[in-house]
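Working notes, structure below.
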Amino acid sequence: MKISEVKEGMNDVSISGEITEISEPREVLTRFGNSSVATAKVKDEDGVISLSLWGKQISMFKVGDRIEITGGYTKSFRGEVQINVGKSGSIKKIEN
7 MKISEVKEGM NDVSISGEIT EISEPREVLT RFGNSSVATA KVKDEDGVIS LSLWGKQISM
67 FKVGDRIEIT GGYTKSFRGE VQINVGKSGS IKKIEN
């Protein structure tokens, strides 16, 4: 699936792209307690989407990495569609 095809409220989303930026991690209070989260921008030839990186995921990736997300879900956060990797999804680095 191309990033330009991703809409709010989708499940089982699979995309691949390049990380173009990663925000500084911030601490947030979730229903599971405190956690670190950073926002990454992922682009392909058709578009750009925000990706939430949680906890140890933050240190696993850097700007310029190509990644593949499978089984993700989307939601709107502050008026912007974001992709998230839930418990049933996965994210991995792929070779350029």
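Offset between the sequence shown (1-based) and the numbering used here: plus 6.
Note that the Cβ used here is the ideal one computed from N, Cα and C, for glycine as well.
What you are looking at is a predicted structure, and each value in this text was computed from that prediction instead of being measured.
Can you tell me where the beta strand (DSSP E) with residue i in it begins and where it stops?
i, result
"Ser96", "96-100"
"Glu27", "19-28"
"Val54", "54-60"
May I ask you to report which of helix, strand or coil DSSP gives residue i?
i, result
"Ser10", "helix"
"Ser65", "helix"
"Phe83", "strand"
"Arg72", "strand"
"Arg37", "coil"
"Gly92", "coil"
Do you know how far the Cα of residue j is from the Cα of residue i?
i, j, result
"Leu59", "Pro31", "9 Å"
"Gly95", "Gly77", "4 Å"
"Tyr79", "Ser10", "15 Å"
"Val12", "Val19", "8 Å"
"Phe83", "Gly15", "11 Å"
"Asn40", "Lys62", "13 Å"
"Asp52", "Ile25", "14 Å"
"Gly92", "Ala44", "15 Å"
If residue i sits next to residue j, beta carbons under 8 Å apart, how far is it from one beta carbon to the other, in whole angstroms?
i, j, result
"Glu72", "Lys99", "Going by the sequence as given, residue 72 is Arg instead of Glu. 7 Å between Cβ atoms; contact."
"Ser22", "Glu33", "Not a contact, Cβ separation roughly 29 Å."
For residue i, decide whether its Cβ has a neighbour in chain B, counting only Cβ atoms nearer than 9 Å.
i, result
"Ser56", "Going by chain labels, chain B is absent from the structure shown, which holds only one protein chain."
Q | Cβ pair count under 8 Å reaching 3, the stretch 80-97 against the stretch 53-70 | A | In this structure the stretch 80-97 lies against the stretch 53-70, because at least three pairs of beta carbons, one per stretch, are closer than 8 Å.
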